[in-house]
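J.: The structure's right below; bear with me while I get my questions together.
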Amino acid sequence: MPTPDRPLRKLGFLTIGLFDPADPAAGHRSTLDIIELGERLGFDSAWLRHRHLQFGISSPVAVMAAASQRTSRIELGTAVTPLGWENPLRLAEDLATVDLLSGGRVNPGVSVGEPMHYDTVKHELYPDSADTEDFSYTRVDRFARLVAGEKVREFSGKQGVVEEFSNRVEPHSAGLRERLWYGAASLKSATWAGENGFNLLSSSVVFPGPDEEPDFAAVQQRQIRAFRDAAATAGRRPARVSQGLVVIPTDSASSAQREKYQRYVDERTPRTSAPQGPKRMMFAQDLIGSSEEIAGQLYAHLGFQEVDEVAFALPFSFEHEDYVQILTDIAEKLGPALAWTPAK
């Protein structure tokens with residue numbers, strides 16, 4: 001676990017890529033600028049959250065492709081792509097293409113399950129198969145097999161003078177399968193991810209078991225340990241785990257920014273007091289304050305104690321200059337407080 005004398009190995013950040021629907025191009029350019037800034041500040045990774053029919057990035061693959069041409073080192077990931085919206089074969093093609101263009105820097109994070117508000121969109125998303133689509137782990141397993149280069153069909157070889165066909169997804173990017181992540185929030189999903197060769201993305205949301213105490217950090221710790229046990233049993237050691245909490249360092253923030261940030265946290269804090277809904281969804285508290293204060297809270301966090309890499313989530317609704325301040329403070333203040341060394 002990270003301690004003051006054992007460094008945090010990898011530091012990343014996650015953004016939703018918010019944009020104004022009246023000028024969506026500006027928001028996308030802002031996201032690319034933030035990723036470039038992250039590379040200059042020495043961050044190890046930049047992750048994109050996936051949003052459909054909302055005012056956030058709906059196509060992280062396209063944004064990663066653009067970012068790959070504006071950066072040279074920083075890893076690019078999705079946290080996460082909900083596979084219920086995707087054709088696994090087409091997604092495998094797109095991700096392999098971007099991975100090759102980036103020089104092997106892509107870290108696709110995925111999840112399964114029925115798309116959010118499925119009844120409102122299924123007539124357009126799957127007009128002929130809405131009631132028979134499989135949104136189980138089978139879908140992500142198929143995606144992983146296609147990324148790995150397993151055979152899609154028997155047919156291959158030359159046809160005619162020019163056409164040549166493959167029996168696997170092309171292009172194939174060697175090593176991409178080992179960089180697949182699964183976004184798990186339950187003990188069942190964390191265990192499945194470990195058993196099936198994925199890395200684990202653990203975020204600011206968990207689903208405790210029916211008999212578990214509603215302690216977010218303890219629930220997250222248990223899930224991470226279950227993932228590692230499952231991965232070890234399956235012969236995968238060491239498996240990677242990343243934690244993604246919302247952190248808002250205020251070291252260099254203006255007084256107006258600090259007031260805005262505190263209002264944001266205050267509005268979100270009530271939802272963290274008890275499990276929500278029939279699935280008992282639990283949210284982590286946002287961490288706000290000086291980098292020294294946040295580092296102290298992280299060192300005491302049972303979930304953080306289980307990881308050596310993080311992808312801190314940027315707040316959803318802030319302005320570009322706010323993200324610049326927060327990222328700069330994370331890289332120059334909070335990272336060093338966690339004994340992290342920026343990449344060169």
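Take the sequence shown: its position 173, counted from the start at 1, is 173 in the numbering used here, and no numbers get skipped.
Ideal Cβ positions, reconstructed from N, Cα and C, are used throughout, including at glycine.
Exposed or buried, what is P249 when buried is set at 16 or more other beta-carbons lying within 10 Å of its beta-carbon?
T.: Buried is the call here.
J.: Between the beta-carbon of F43 and the beta-carbon of L314, is there less than 8 Å?
T.: Their beta carbons are not under 8 Å apart, which means F43 does not touch L314 by this criterion.
J.: Near A26, what residues of its chain come up, given a Cβ to Cβ distance below 8 Å and the 5 sequence neighbours on each side ignored?
T.: If we look at A26 and ignore the five residues flanking it on each side, its Cβ neighbours are F19, D20.
J.: Going along the chain, which residues of its own chain have a beta-carbon closer than 8 Å to the beta-carbon of V112, five neighbours each way excluded?
T.: Answer for V112: P82, L83, G84, F135, S136, Y137, R139, V140, listed in chain order.
J.: My output table needs one value for T78: the three-state DSSP class, helix, strand or coil.
T.: Residue state, collapsed to three classes: strand.
J.: Around the C-beta of E306, are 16 or more other C-beta atoms found within 10 angstroms, so that it is buried, or is it exposed?
T.: Buried, since its Cβ has 16 or more Cβ neighbours within 10 Å.
J.: Which residues share a DSSP beta bridge with M282?
T.: Partner(s): V206.
J.: When we look at the beta-carbon of E124 and count the other beta-carbons within 10 Å, is it buried (16 or more) or exposed?
T.: By the neighbour-count rule (16 or more Cβ atoms within 10 Å), E124 is not buried but exposed.
J.: How big is the Cα-Cα spacing for W192 and A274?
T.: When rounded, the distance between both Cα atoms is 26 Å.
J.: Quick check on the burial criterion: 16 or more other C-beta atoms within 10 angstroms. Buried or exposed for L53?
T.: Exposed, because fewer than 16 other Cβ atoms sit within 10 Å of the Cβ of L53.
J.: Kindly list the residues whose CB is nearer than 7 Å to the CB of P214, restricted to its own chain and excluding five residues on each side of it in sequence; keep chain order.
T.: Excluding positions up to five away in sequence, the list reads P208, A274, P275, M282.
J.: Which word fits H301, buried or exposed, when buried means at least 16 other C-beta atoms lie within 10 angstroms of its C-beta?
T.: It is buried - the Cβ of H301 has at least 16 other Cβ atoms within 10 Å.
J.: Comparing the C-beta of D308 with each C-beta of chain D, is any distance below 8 Å?
T.: Structure shown: chain D not included; a single protein chain is present.
J.: Quick one: which unbroken alpha helix (DSSP H) runs of 4-plus residues sit fully inside the region 219–280? Chain order, please.
T.: With a minimum length of 4 residues, the continuous alpha helix (DSSP H) runs that stay inside the region 219–280 are 255–268.
J.: With a cut-off of 8 Å on the beta carbons, I'd call S204 and V147 a contact; round off their distance for me.
T.: At roughly 27 Å, the Cβ-Cβ gap does not stay under 8 Å, so S204 and V147 are not in contact.
J.: Quick check on this structure: which residue in F165, S202, L187, S173 has the alpha carbon closest to the alpha carbon of W181?
T.: Nearest C-alpha to W181: S202.
J.: Out of curiosity, what's the CA-to-CA distance linking V161 and T97?
T.: Between V161 and T97, the C-alpha separation is close to 26 Å.
J.: As an exercise, report each continuous alpha helix (DSSP H) stretch of at least 4 residues that is fully enclosed by the region 63–108, in chain order.
T.: Segments of the alpha helix (DSSP H) lying fully in the region 63–108: 88–102.
J.: Taking 6 Å as the limit between beta carbons, can you name the residues of its chain near Q223, skipping five residues before and five after?
T.: Cβ within range, chain order: L187, A190.
J.: I want to know whether the region 99–114 touches the region 152–166 - three or more CB-CB distances under 8 Å.
T.: No, because fewer than three Cβ pairs between the region 99–114 and the region 152–166 fall closer than 8 Å, the two stretches do not touch.
J.: Is the region 219–233 close to the region 254–269, with three or more CB pairs under 8 Å?
T.: With a cut-off of 8 Å, the region 254–269 and the region 219–233 do not count as touching, because too few Cβ pairs lie within range.
J.: Leaving out five residues before and five after E195 in sequence, what residues of the same chain have Cβ atoms less than 8 Å from its Cβ?
T.: Counting only Cβ-Cβ distances below 8 Å, and skipping sequence neighbours, we find A230, A231, T233, A234.
J.: What is the DSSP secondary structure of L41, reduced to helix, strand or coil?
T.: Correct three-state label for L41: helix.
J.: In angstroms with no decimal places, state the Cα-to-Cα distance between G38 and I326.
T.: Cα to Cα, G38 sits roughly 11 Å from I326.
J.: Run through DSSP, which three-state label would F304 get?
T.: Residue state, collapsed to three classes: helix.
J.: By how many angstroms is the C-alpha of T120 removed from the C-alpha of A65?
T.: Approximately 30 Å between the Cα atoms of the pair.
J.: Can the beta-carbon of L100 be found closer than 8 Å to that of W340?
T.: No, Cβ-Cβ distance for L100 and W340 is not below 8 Å.
J.: Here's a check: name, in chain order, each residue in its chain whose Cβ is nearer than 7 Å to the Cβ of F165, leaving out the five neighbours to either side.
T.: Once the five neighbours on either side are set aside, the close Cβ partners of F165 are F155, S156, G157, Q159.
J.: Which runs of the alpha helix (DSSP H) spanning at least 4 residues fall entirely within the region 126–210, listed in chain order?
T.: Runs found: 137–148, 187–195.
J.: Using the Cα positions of A311 and E133, report the straight-line distance between them to the nearest angstrom.
T.: For A311 and E133, the distance between alpha carbons rounds to 32 Å.
J.: Cutting at 6 Å between CB atoms, please list the residues of its own chain near I35, excluding the five before and the five after it.
T.: Same-chain partners within the cutoff: A46, A67.
J.: Which partner residues of K122 appear in the DSSP bridge assignment?
T.: K122 is not bridged to any residue.
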